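Q: Below are the structure tokens for one structure; questions will follow.
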Amino acid sequence: MRFKSRLILFVLLTIVFIICQVHLGLSWAAYPYALCILFFILLDLRRFKASIRWAHTPTEPPPPSLGIYEDIVHPIYRHIRQQTRYIENLENTSSTILSAAQALPSAAITLTPEFHIEWANKLAVKILGIDVNRDIGFNLFNIVRYPEFYQYAKSAQWNEPLILESSQNNKNIILRFELTRHSSRGFLLLCQDITHLEKLRTAQQDFVANVSHELRTPLTVLIGFLETINEMPDQALSEQQLEQYGSLMREQAHRMQAIVSDLLTLSTLESSQLSGGEPIVLNSLIKVAARQAETLSNDQHRFNYDIDSHLKVFGNQTELLSAITNLITNAVRYTPDGESINVRWKLNSNGDAVFSVQDTGLGIAPQDIPRLTERFYRVDKSRSRASGGTGLGLAITKHIVHRHNAQLKIESTLSKGSTFSIIFPKDVII
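Count the sequence shown with the working numbering and you get residues 12 to 441, in order.
The structure is reproduced here in structure tokens:
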């Protein structure tokens, strides 16, 4: 290719010489000038051709030595670079905004002034059933068909969010809608599933109400006794009456102390992670809990034990003792006199370690079983208070069990009895 180019150049020079000599009558002394002119013409053509080649890929740096064409090529290249950086920055900003919108804990939908869908994030599919690949351009009200939302959107009174209940896949959910105008070109809709938050808020309200109720009774009793003693004349009460009143007041004070103590324990369990731990021969903890239960029973129940004395688990000794004691003493409280309480600690057929307490007591209705581990939930409120429970024992037990990666299982049949089991998985068995 290079030889061919040189041959063409030689032929051109020869033709120029002939033309100059025949037609222009130039002397041989003028030939160098003609050659210089031809050289510069060819050099300029070469630079022009290089500029044309560069124009096909203007994002690449221009080639060197373009002569007069540099004044054209270099400004174009600088402008293209500036525009390229500007476009890249816009793309990065757009990508960041879209990523942030996708990461929102709410369904996000951009709408035209006519409420047609322009864009939606992934959560819009889960919460509202809006598929960005299918529903772009469709009217929002053809997909989100809540009359309350339609009225809210059309009213343009969006200072407060709209909260409404809905049903999806046979489940009741609570949705929070917020609309805002992002520009003259449309609106932004945010929708969040706040079912869990509403349940937490309701649980918090119930908790405060239950604590107030639980403490009100012993406080009322204490205040009543104190006012009675204060209003009676000196020496009006006998030593026996004073002792009786004092005993009742101590009982109520101890009850309040037990409630506060259990609340503090529950708060600690909920706000911290299980730290440390040690290998525990659960048989030793069962013996301690059994002695307390038998003392509480006062020989009114038959206790049967089936214990693997060598079976160990890894955990917190104080917490596990509390959970075991709660289950055994609960069996004593809710099992009629003369009935049996069976305590087992064995490996099951799956290789899990199971601690269970089975009684032949009153049993629990199916609708009450899921709520037994709620704070202050009682199947029979009067009987529970009379038995000395605070209503927090099973809530504490549930948290302890979960902190040890175990499972609390409750089985019961009315009038036949109940079985409470703590199932430890293989990875905590030693």
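Heads up, the beta-carbon is just placed ideally off N, CA and C, and yes, glycines get one too. Since this is a predicted model, take the numbers as computed values, not measurements.
Going along the chain, which residues of its own chain have a beta-carbon closer than 8 angstroms to the beta-carbon of Thr336, five neighbours each way excluded?
A: Val299, Ala300, Gln303, Ala304
Q: Of all the options Ser432, Asn241, Leu139, which has the alpha carbon lying nearest to the alpha carbon of Phe366?
A: Ser432
Q: Helix, strand or coil, according to DSSP, for Ser395 in the structure here?
A: Confidence in Ser395 is poor, its pLDDT being 49 and thus under 50, which makes the residue's placement too unreliable to answer from.
Q: Mapping DSSP to helix, strand and coil, what is Thr430?
A: strand
Q: Helix, strand or coil, according to DSSP, for Pro290 in the structure here?
A: Judged by DSSP in its simplified three-state form, Pro290 adopts strand.
Q: What separation, rounded to the nearest whole angstrom, lies between the Cα atoms of Thr70 and Thr104?
A: 22 angstroms
Q: Determine whether the beta carbon atoms of Leu253 and Leu296 lie at a separation below 7 angstroms.
A: Not closer than 7 angstroms, so no.
Q: My understanding is that His410 touches Glu242, with C-beta atoms under 8 angstroms, so please give their C-beta distance in whole angstroms.
A: Actually they are not in contact, since the Cβ atoms of His410 and Glu242 sit about 45 angstroms apart, beyond 8 angstroms.
Q: Under 8 angstroms by Cβ, that's how I've got Ile291 and Gln328 pegged, so tell me the actual separation to the nearest angstrom.
A: 5 angstroms
Q: Considering only residues of the region 78-117, which uninterrupted alpha helix (DSSP H) runs meet the minimum length of 4 residues and lie entirely inside it, listed in chain order?
A: 81-113
Q: In or out: Asp82 buried (at least 16 other Cβ within 10 Å) or exposed?
A: exposed
Q: Since Tyr88 and Pro72 are thought to touch, with beta carbons under 8 angstroms apart, how far apart are those beta carbons, to the nearest angstrom?
A: 7 angstroms
Q: Output the distance between the C-alpha atoms of Ser308 and Val222, rounded to the nearest integer angstrom.
A: 28 angstroms
Q: Please name the residue or residues paired with Cys202 in a DSSP beta bridge.
A: Ala118, Phe188
Q: Which complete beta strand (DSSP E) runs does the region 216-296 hold, if anything under 3 residues is left out?
A: If we require 3 residues or more, the beta strand (DSSP E) runs fully inside the region 216-296 come out as 289-292.
Q: Once you ignore the five residues that flank Thr340 on each side, which residues in its own chain have a CB closer than 7 angstroms to its CB?
A: Gln303, Ala304, Leu307
Q: What is the residue span of the beta strand (DSSP E) that Gly404 lies within?
A: Looking at the DSSP string, Gly404 is not in any beta strand (DSSP E); the run it does join, the alpha helix (DSSP H), is 404-414.
Q: Within a Cβ cutoff of 7 angstroms, which residues of the same chain sit near Thr231, ignoring the five residues on either side of it in sequence?
A: none
Q: Relative to the alpha-carbon of Ala406, which residue among Leu275, Val368, Thr107 has its alpha-carbon at the smallest distance?
A: Leu275
Q: Using the Cα positions of Ala119 and Ala214, report the straight-line distance between them to the nearest angstrom.
A: 29 angstroms
Q: Shorter than 7 angstroms from the beta carbon of Asn341 to some beta carbon of chain D?
A: The displayed structure is made up of one protein chain only, and chain D is not part of it.
Q: In chain order, what residues of the same chain lie with their CB nearer than 7 angstroms to the CB of Ile141, ignoring the 5 residues before and after it?
A: Ile120, Ile128, Ala131, Ala135, Ile154
Q: Could you tell me if Ala66 is buried or exposed, where buried requires 16 or more neighbouring beta carbons within 10 angstroms of its beta carbon?
A: exposed
Q: For the region 302-377, which segments carrying the beta strand (DSSP E) assignment without a break, of at least 3 residues, lie completely within its bounds, in sequence order?
A: 313-318, 323-326, 351-358, 364-370
Q: Can you say whether Glu159 is buried or exposed, counting buried as having 16 or more other CB atoms within 10 angstroms of its CB?
A: exposed
Q: Just to check my reading of the structure: Asp204 and Leu186 have Cβ atoms closer than 8 angstroms, yes? What is that Cβ distance to the nearest angstrom?
A: Indeed they touch by this definition, with Cβ atoms about 6 angstroms apart.
Q: Is the region 342-357 touching the region 307-326 in the sense that three or more CB pairs, one from each, lie closer than 8 angstroms?
A: yes
Q: Ignore the nearest five residues each way along the sequence and tell me which others in Val84's own chain have a CB closer than 7 angstroms to its CB.
A: Ser62, Trp65, Pro73, Leu77
Q: Work out the CA separation of Gly235 and Gln246 for me, nearest whole Å.
A: 19 angstroms
Q: Exposed or buried, which one is Val271 when buried takes at least 16 other CB atoms within 10 Å?
A: exposed
Q: Got a sec, what are the start and stop residues for the alpha helix (DSSP H) Glu159 sits in?
A: 158-166
Q: Is the beta carbon of Ser117 closer than 7 angstroms to that of Leu237?
A: no
Q: Give the single residue among Ser195, Ile98, Gln94, Thr95 whose Cα lies nearest to the Cα of Phe126.
A: Ser195
Q: Could you check where the alpha helix (DSSP H) with Ala131 kicks off and where it finishes?
A: It is not in any alpha helix (DSSP H) - Ala131 instead sits in the beta strand (DSSP E) that spans 128-131.
Q: Helix, strand or coil for Ser52? Go by DSSP, reduced to three states.
A: Looking at the sequence itself, residue 52 is Ile, so the reference to Ser does not match. Note: Ile52 maps to helix in three-state DSSP.
Q: Looking at the unbroken beta strand (DSSP E) that takes in Ile138, where does it start and where does it end?
A: Here Ile138 belongs to no beta strand (DSSP E); instead the alpha helix (DSSP H) covers 134-139.
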